[in-house]
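Please read the structure below before turning to the comments.
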Amino acid sequence: MAHYRCRVETSLSVTDAFAYMADVTNFELWDPGVVSVTQVAGDGAGPDASYDVLTSNGGRENMFRYVVTAFDEPVGFTIVGKKAPFTSTDVISVEAAGPGAVVTYAADLTMPFPLSLADPWLQKIFDRIGDAAANGLAGALGGRLL
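In numbering that gives the first Met the number 0, the protein residues as written are 0 to 145.
Next up, the structure:
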């Protein structure tokens with residue numbers, strides 16, 4: 000399993016940081032690997048929301064269907080994206096930090112055996128993609144990486 004985690008400190012309030020993150024359509028604004036996000040179920044952010052997320056890595060595009068599987072406003076939420084053979088589980092949490100907030104974004108990318116034998120190779124790619132997204136997220140939140 001490939002794993003990536005970043006933490007961003009922002010001057011945004013917990014409520015505002017959560018609202019920005021929970022609107023998954025914003026992902027294309029800060030993650031350079033996301034080409035587009037289209038909401039396909041639900042009405043805005045929330046527990047009934049689903050999204051088609053088109054990603055690009057080295058010119059290769061993939062469409063993931065992401066479903067919100069847990070939603071605890073303004074504490075955090077979980078979205079699970081699937082595109083055979085991959086499953087991406089992304090957990091976003093927001094906590095108070097002085098007058099602002101800290102946003103934690105953790106993602107796990109899994110594949111079934113025997114493809115999971117390629118995890119060390121996948122981790123290297125996931126780190127590169129994650130670093131670019133983390134920098135974009137820090138910029139979008141007007142914050143800094145911790």
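Think of the CB as a built atom: it goes at the ideal place given N, C-alpha and C, for glycine as much as any other residue.
Residue i, buried or exposed, once every other Cβ within 10 Å from all chains shown has been counted against 16
i, result
"Asp89", "buried"
"Phe63", "buried"
"Met0", "exposed"
"Ser6", "According to the sequence displayed, residue 6 carries Arg and not Ser. The residue is buried, with at least 16 neighbouring Cβ atoms inside 10 Å."
"Ser87", "buried"
"Ala21", "buried"
"Gly43", "exposed"
"Leu136", "buried"
"Gly80", "buried"
"Phe112", "exposed"
"Thr9", "buried"
"Gly142", "buried"
"Leu150", "This structure does not reach residue 150, given that the chain is present from 0 up to 145, and the question cannot be answered."
"Ala117", "exposed"
Residue i - DSSP class collapsed to helix/strand/coil
i, result
"Met0", "coil"
"Gly138", "helix"
"Phe112", "coil"
"Asp51", "strand"
"Leu145", "coil"
Same chain only: Cβ atoms within 6 Å of residue i, ignoring 5 sequence neighbours per side
i, result
"Glu94", "Val101"
"Phe125", "Ala1, Tyr3, Leu108"
"Thr37", "Asp51"
"Ser49", "Val39, Ala40, Val66"
"Thr68", "Thr77, Val79"
"Pro155", "Residue numbering for the chain in the displayed model covers 0 to 145; residue 155 lies beyond these limits and cannot be assessed."
Neighbourhood of residue i by C-beta, 7 Å cutoff - its chain only, sequence neighbours within 5 removed
i, result
"Asn25", "Tyr19"
"Thr14", "Pro73"
"Ala133", "Cys5, Leu144"
"Phe17", "Glu72, Pro73, Val93"
Residue i, enclosing alpha helix (DSSP H) - first and last residue
i, result
"Ala16", "13-21"
Cutoff 8 Å; reference residue i; Cβ partners in own chain excluding five residues on either side
i, result
"Gly138", "Trp29"
"Gly32", "Thr54, Ser55, Asn56, Ile128, Ala131, Ala132"
"Glu60", "Val34, Leu53, Thr54"
For this session: Scan the region 25-104 and note each continuous alpha helix (DSSP H) run of 4 residues or more that stays entirely inside, going in chain order.
Result: 26-29
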